[in-house]
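A.B. asks:
Next up, the structure:
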C-alpha cells in the first residue's frame, strides 16, 4: 500500500480523474481517496515510482510523504 499527498486535489472531478488514471495503469488497483485530507491510498502491484508517474501525468504531482 502506498500513501500519497495530493495538494492539487480539491473536488469530485479531481477524485474521478485520479481514480481513472490509476485504474487505467493497474485495473486491479484499490484506490481509497480522502478528498478533505487530500490523500490517496493505493493498493497496487505497480512500484511507487510508476504510480507517481501516473499521478503526475494526470496533473496531480504528489507531495513528499514524511515517514
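Residue numbers (my numbering): 298 to 364. In this text, a Cβ means the ideal position worked out from N, Cα and C, and glycines have one as well. No experiment lies behind these values; they were computed from the predicted model shown.
1) Going by beta carbon distance, what residues of the same chain come within less than 6 Å of residue 329, once the five residues before and after it are set aside?
2) Let me check one thing: in DSSP terms, what residues is residue 339 bridge-paired to?
3) Within a Cβ cutoff of 7 Å, which residues of the same chain sit near residue 368, ignoring the five residues on either side of it in sequence?
4) Could you give the residue range of the alpha helix (DSSP H) that holds residue 354?
C.D. replies: The short version:
1) 338
2) 299 and 328
3) A question about residue 368 goes unanswered here, because the residues of the chain that appear run from 298 up to 364.
4) 345–354
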